[in-house]
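J.:
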Amino acid sequence: MSTNAIASPRSDSAQSPKYTRSKSSGSSFEMFAWLFMRLSGVILIVLIFGHLFVNLMVGEGIHAIDFGFVAGKWADPFWQVWDLAMLWLAMLHGTNGVRTIINDYAERAGTRLTLKTVLFIASAVIIVLGTLVIFTFDPCPPGAVIDLPSFCTVP
Amino acid sequence: MQVHKYDVVIVGAGGAGMRAAIESGQRAHTAVLTKLYPTRSHTGAAQGGMCAALANVEEDNWEWHTFDTVKGGDYLVDQDAAEVMAKEAIEAVIDLEKMGLPFNRTPEGRIDQRRFGGHTRDHGKAPVRRACYAADRTGHMILQTLYQNCVKHNVEFYNEYYVLDLLTVEEEATREDGTVYLQKKTAGVVSYDLATGELHIFQAKSVILATGGAGKVFKTTSNAHTLTGDGMGIAFRKGIPLEDMEFFQFHPTGLAGLGILLSEAARGEGAILRNSEGERFMERYAPTIKDLAPRDIVARSMANEVREGRGCGPNKDYVLLDLTHLEPAHIDAKLPDITEFARTYLGVEPYTEPVPVFPTAHYAMGGVPTNITTEVLQDNDTVIPGLYAAGEVACVSVHGSNRLGTNSLLDINVFGKRAGIAAAKYALTADFVELPENPEADTVALLDHVRKSDGGEKVALIRKDLQDTMDANMQVFRTADSLNKVLADIAVFEERYSRITVQDKGKRFNLDLLEAVELGFLLELAKVMTVAALHRQESRGGHYREDFPERDDENFMKHSMAYLDSGVTVENSAESIAGIRLGTKPVVFTRYQPMVRKY
Amino acid sequence: MPTKPAGTLYRGREGMWSWVGHRITGVVIFIFLLVHVLDTSLVRVSPEAYTAVIGAYKNPIMGLGEAGLVAAIVFHAFNGLRIIAIDFWKKGPKYQRQLLWGVLALWAVTMIPFLIRHLTIVFSNFFGGH
Amino acid sequence: METELPEPASKIELPAHLGGGGEIPTFDVTLRVRRYNPEVSEESTWENFTMTMYGTDRVLDALHKVKWEQDGSLTFRRSCAHGVCGSDAMRINGRNRLACKTLLKDLDTSKPITVEPIKGLPVEKDLIVDMEPFFQSFREVMPFLVNRGHEPAKERLQSAEDRERFDDTTKCILCAACTSSCPVFWTDGQYFGPAAIVNAHRFIFDSRDDAGDMRLEILNDKEGVWRCRTTFNCTEACPRGIQITQAIAEVKQAILGRSI
Ligand SMILES: Cc1cc2nc3c(=O)[nH]c(=O)nc-3n(C[C@H](O)[C@H](O)[C@H](O)COP(=O)(O)OP(=O)(O)OC[C@H]3O[C@@H](n4cnc5c(N)ncnc54)[C@H](O)[C@@H]3O)c2cc1C
Ligand code: HEM
Ligand code: SF4
Ligand code: F3S
Ligand code: FES
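Chains as they are written, first to last, in our numbering: chain A, 1 to 155; chain B, 156 to 754; chain C, 755 to 884; chain D, 885 to 1144.
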């Protein structure tokens, strides 16, 4: 006989699944994550569309992209900030999106944890790497053999 | 075999069962056994409203309500019970509101009320707005609200547990006048867990029967497939009488051919009935309140129109419910569900087309006899300690020979509450009655018989034949011939029933098996109804004998009581038919003397 | 617990399929982004390395891939706006289907000029030489 | 009070088609039912049943015909047979519907009609699933009125507008068509699911209720409203026409509004 007052006896029979929904965490993390997806999404539209436009549409499009093109852009703090924001927002947005997807499809707690650990490490690495590249980037590296941007003074 | 012990066991989780559970659950260790998940109970299908003389929109009082109930029931109502119900109605509605029921509101924010058949101001002067409602889903809201409150109070449900037997013991006792009789006592119930096929015994100090109606004895019915009169059947088999079983209500407006109900609220909101000539024929039958006459009268008038050739449709077998003069917005606000039924199931657009309707078997006025504290009676006045009944399964009797619309939702709330309180109170003072030896023996035998019987007869076919003959011969119009025809048919069905084969031999969710068991109850009840109808050689309320078209107060102003009695053999008289002994019980009068019933 | 019978595909409607699309495009973009940051990082290694890798983006196969990626981003972006509208605009849920047609229309309107321009560049440069 | 309706005419001209009318058409249908009975086999199988049905018949009638005439072991829940009790949600031609509300003539009867149990809940036998997880979620959102104010002697007042505010979500019959159509629920069975949110909404927006905050707190959980990906399967599946996704959006906004 069931001791739990509310559960019908069916819930302790062998064939019934166990309900392990943990008690409310009390934090609003999921809410902020949800909100962040929407806010970052709106900003990303501007950033990404701008990025795509400049890189693929203006001038010779993708064929214009080379080291010089990139260096030329990052010499300008405007594009540095632009790309930095894009990097962070897109990565956080994407990471959180994939986290949701893992929550959806990985049923077992262990699998969830593993997948999410891999995800977070990968994302952290990429974000750090990307940030470093943008800030420590030297548009006129010494010893370069190919087309540097025109503002580089030949050493 | 598992044995559970509870103070109170409630059988059924419809409106009556859950209303009782809310009371009992807070006072005593209570379990609710139900063959359906609580929210599947047929209370949820009720549409129109629940009456109480709140006087929120116009002058009204409980005394008028009592009068209407008594008159509506053609004076066969026990007036003390009707007074209790009408008086406690107000509190019952307020209780529900406080539990959260979302009633429709008046502009002042009070509970809104509307008209309903047979409810009048000042003893029949004019229709009164008395029905509290939530659109046309009042029953749905009641069922949900009660379930919600059961969740709130941690009521213990055993879902999909079919109760198949009531455990009683009999002891010799002496009456005040010195006569010795057998006193029944309640020990518990035997139930069948649908999921596993296991039997569970519930020992209890109090048992409340709240298993609802038995509409499935008829073919055309507004009742659910699961309303097979189990509670009545179980009680009857245990030697408990059934009261007033000949009175079955046929609701005028079922969707033609299907039986799905279109609430009387439609007529309350202004819809009218028309025959094939477009005539508003109720003007002829009930000049004062016309389409809002009580159900028995309207149903009979409709059937009469069809009989006299003024029916509509290819077979001229239905009449029309006309809402086309109502504003679509008004219809949407007040009658959204039933108009959707018309669209979904008949493809008729009620805004512009009248809807085909015909009477549908709706409500059992009779049932397990109880007194006003819902204690079950084993004869005219001996109470069975610890056994209670409320709702459609019971006969208090507040409905007499014809229930007024909205009085059943009221009944389940008023008497459900009373049952819960009384059962808990009794359980807290009483001791457990020792279980009889081999408590499950009868149930095991019943199930074994059904499982092993191998004559090839199909349950569904017997049921269909039963329903067909009931529809043809026991419906709105009855004669001695038609009733005898039913009895002859039932004798054949019973023989066939002894030769059924159940295909599903498994243990898990064996609904095939249970349908066979339910058919057993249906056959039993159909027989009781017919025998009682044959016996009542008069016309009153829902019972209309063409061979005795007048009400006969001299001989029949009394309740009928049917007992299972194997000693009674077939004699072709109205008094006794194989296995059923009929008795009578006096009607309780307090303030209203019988008058001619005119509207 | 008894084993569940394997389910067949649920026949969802616009709402479900647009979500499937949103999810797939989201993952695709994310994976691309990981790669894209990595390849761009090569600018830190050496201009040569970067230019060599970026050169790979310039053949027509990659050009088509880029078109696909842009298509994914544009759909994801516009549908993202649709989701936001559903979340915050009172009538959003009611008009979600119409909004989706709007998304697809905008997507087409954006993609056509883009494709014309992009594919011309990709193919003219490839065939025409630099 | 509402305005008095004009007394309708005693007699009207009926349109011709109401006096006459043709026969109800009959047609043959094949039901393709996913059968499962662990007492026999752990595997589920498809089984076809063919029968002749009428124009007004529903899928439930066809299932009954099978059970009553062909194979008594076919098992499914049903009660009211007109869409108000919520017993018979099942997947018909790939979508969640109530069998008793789905007319055969509205389906493509030239092909077999597939009937399967709803997704995401453990199947017990044929079309019967274990509803316990579903009701568990329902119970967890405090689906009952909580009022801390002093009890008035009569009813609490509520304006018609306040009553209207939550009307849509009072219609729920707990059939689970929505929750079991939700892609998130299929894969993450811990998600509260749309039905629980609908029933929380019913109280959150009831002006008489005082526990809205607690319910919002419950649904702010990681398995709460934020799990919804607005796929609208629930709204499309709801036999009561409840605007579920809209209701979920309103709950999300209520949580946001309270935190920010
Ligand atoms: C379509 C329709 C509309 C109606 N409209 C109105 C209206 O507007 N106003 C009004 O006043 N009345 C109305 N009525 C009548 C009223 O709704 C019913 O009489 C009333 O709801 C009956 O309630 P109940 O609790 O007795 O039974 P039910 O609600 O039928 O509940 C029966 C319960 O018993 C359980 N049960 C049955 N057998 C067993 C068993 N063997 N073992 C265990 N459990 C069992 C079932 O699971 C169920 O939970 C309407 C009825 C119908 C059919
Ligand atoms: C261009 C502008 C973008 C907008 C407007 C946008 C918008 C959104 C929104 C609103 C969501 C939430 C969906 C939901 O909760 O159901 C979302 C989810 C997601 N986004 Fe974006 N996004 C954009 C760009 C990106 C980018 C660049 C990436 C990849 C890095 C990305 C990856 C994802 C992923 C993986 C999800 C999760 C999908 C899911 O849960 O089904 N998005 N996006
Ligand atoms: S919201 Fe609709 S689909 Fe969901 S359980 Fe309630 S009635 Fe069923
Ligand atoms: S189907 Fe599921 S994802 Fe949201 S809109 Fe409905 S709850
Ligand atoms: S049987 Fe009640 S909803 Fe279908």
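Heads up, the beta-carbon is just placed ideally off N, CA and C, and yes, glycines get one too.
Quick one: using the 10 Å Cβ neighbour count with 16 as the cut-off for buried, is D:A1138 buried or exposed?
T.: Under this definition D:A1138 is a buried residue.
J.: Roughly how many whole angstroms lie between the Cα atoms of C:F868 and A:M57?
T.: About 8 Å.
J.: Using beta-carbon positions only, say whether D:I1002 and D:A983 come within less than 9 Å of one another.
T.: It is not a contact, given that the beta carbons lie outside the stated cut-off.
J.: At a cut of 8 Å, does the region 342-352 of chain B reach the region 317-332 of chain B through at least three beta carbon pairs?
T.: The region 342-352 of chain B is in contact with the region 317-332 of chain B.
J.: With 8 Å as the limit, tell me which residues of the region 771-784 of chain C have their beta carbon closer than that to any beta carbon of chain A; keep them in chain order.
T.: Result list: R777, G780, V781, I783 and F784.
J.: Could you run through the region 39-59 of chain A and flag, in chain order, every residue whose CB is less than 8 Å away from some CB of chain C?
T.: Residues passing the 8 Å Cβ filter: G41, V42, L44, I45, I48, F49, L52, L56 and M57.
J.: Would you mind sorting A:F120 into buried or exposed? The rule is 16 or more other CB atoms within 10 Å of its CB.
T.: Classification of A:F120: exposed, given that the 10 Å Cβ count is below 16.
J.: Considering only the beta carbon of each residue, do A:M86 and A:I48 sit closer than 9 Å?
T.: Closer than 9 Å, so yes.
J.: Cβ atoms of B:N557 and B:K740: under 9 Å apart, would you say?
T.: No.
J.: For D:I1002, which three-state DSSP category applies?
T.: D:I1002 falls in the coil class under three-state DSSP.
J.: Count the other CB atoms within 10 Å of the CB of B:T494; is the residue buried (16 or more) or exposed (fewer)?
T.: Buried.
J.: Going by the CB atoms, is the gap between C:L787 and A:G94 shorter than 9 Å?
T.: For A:G94 and C:L787, yes; Cβs fall inside 9 Å.
J.: Verify the CB distance criterion: does B:D534 have a CB-CB separation below 9 Å to chain D?
T.: No, no contact with chain D.
J.: Residues of chain A with a CB under 9 Å from the CB of C:Y764: which are they?
T.: Those do not exist, as C:Y764 stays about 15 Å from chain A at its closest Cβ, beyond 9 Å.
J.: Looking at B:L689: is its Cβ nearer than 9 Å to the Cβ of B:Y718?
T.: Not a contact, by the Cβ cut-off of 9 Å.
J.: I'd like to know whether the C-beta of B:L447 is nearer than 9 Å to at least one C-beta of chain D.
T.: Chain D, which has no Cβ nearer than 9 Å to the Cβ of B:L447, makes this no.
J.: When DSSP labels each residue in this structure, what does B:L209 get in the three-state scheme?
T.: B:L209: coil per DSSP, three-state reduction.
J.: Within 9 Å of any Cβ in chain C, is that where the Cβ of A:L87 sits?
T.: It does; some Cβ of chain C falls within 9 Å.
J.: How about B:R435 and B:D446: are their beta carbons less than 9 Å apart?
T.: Yes, the Cβ-Cβ distance between B:R435 and B:D446 is below 9 Å.
J.: Once the 5 residues before and after B:T507 are set aside, which same chain residues still bring their CB inside 7 Å of it?
T.: Around B:T507: T479.
J.: Touch check for the region 606-624 of chain B and the region 950-957 of chain D: three-plus C-beta pairs under 8 Å?
T.: Because the criterion of three Cβ pairs below 8 Å is met, the region 606-624 of chain B and the region 950-957 of chain D touch.
J.: Out of D:T1063, D:D941, D:Y938 and D:R916, which one is the CA nearest neighbour of D:P1017?
T.: When only C-alpha atoms are compared, the closest one is D:T1063.
J.: Check whether chain D comes within 9 Å of A:N103, counting only Cβ atoms and requiring the distance to be less than that.
T.: So yes, A:N103 belongs to the interface.
J.: With 9 Å set as the bound, which would you pick, yes or no: does the beta-carbon of D:K1148 sit closer than that to a beta-carbon of chain A?
T.: What is shown of chain D runs 885 to 1144, which leaves residue 1148 of chain D out entirely.
J.: So, B:E178 versus B:G575, is the Cβ gap smaller than 9 Å?
T.: Yes, they are a contact pair.
J.: Taking 9 Å as the threshold (beta carbon to beta carbon), is C:V848 in contact with chain D?
T.: In the sequence as displayed, the identity of residue 848 of chain C is Lys instead of Val. True, the Cβ-Cβ gap to chain D drops below 9 Å.
J.: Please find out if some non-hydrogen atom of ligand 5 comes closer than 8 Å to the beta-carbon of D:A965.
T.: D:A965 Cβ: within cutoff of ligand 5.
J.: Under the three-state reduction of DSSP, which class applies to B:G272: helix, strand or coil?
T.: It is a strand residue.
J.: Cutting at 8 Å between CB atoms, please list the residues of its own chain near A:G97, excluding the five before and the five after it.
T.: For A:G97, where only same-chain residues beyond five positions count, the Cβ hits under 8 Å are M37.
J.: In the DSSP assignment, find the unbroken beta strand (DSSP E) run with D:D912 in it and report its ends.
T.: Start and end: T910 to R919.
J.: Can you tell me which of B:V164, B:V538 and B:Q202 puts its alpha carbon nearest to the alpha carbon of B:R359?
T.: This sequence places Ala at residue 359 of chain B; Arg is not what is there. Checking every option, the nearest Cα to that of B:A359 belongs to B:V164.
J.: Residues of the region 113-139 of chain A with a CB closer than 8 Å to any CB of chain D: list them in chain order, please.
T.: Under the 8 Å Cβ criterion, the region 113-139 of chain A contributes no residue.
J.: I want to verify the contact list: residues of chain C whose CB lies under 7 Å from the CB of A:V98, in sequence order.
T.: Correct list: V781 and F784.
J.: Which value, in whole angstroms, describes the spacing of the CA atoms of B:K353 and B:K607?
T.: The residue you asked about is not Lys; residue 353 of chain B is Glu in the sequence shown. Using only the alpha carbons, I get a separation of about 17 Å.
J.: When the distance is taken between beta carbons, is D:P1067 closer than 9 Å to C:G766?
T.: Yes, Cβ-Cβ distance for C:G766 and D:P1067 is below 9 Å.
J.: Regarding B:Y317 and ligand 1, is the C-beta to nearest heavy atom distance less than 8 Å?
T.: Yes, since a heavy atom of ligand 1 falls inside the 8 Å radius drawn around the Cβ of B:Y317.
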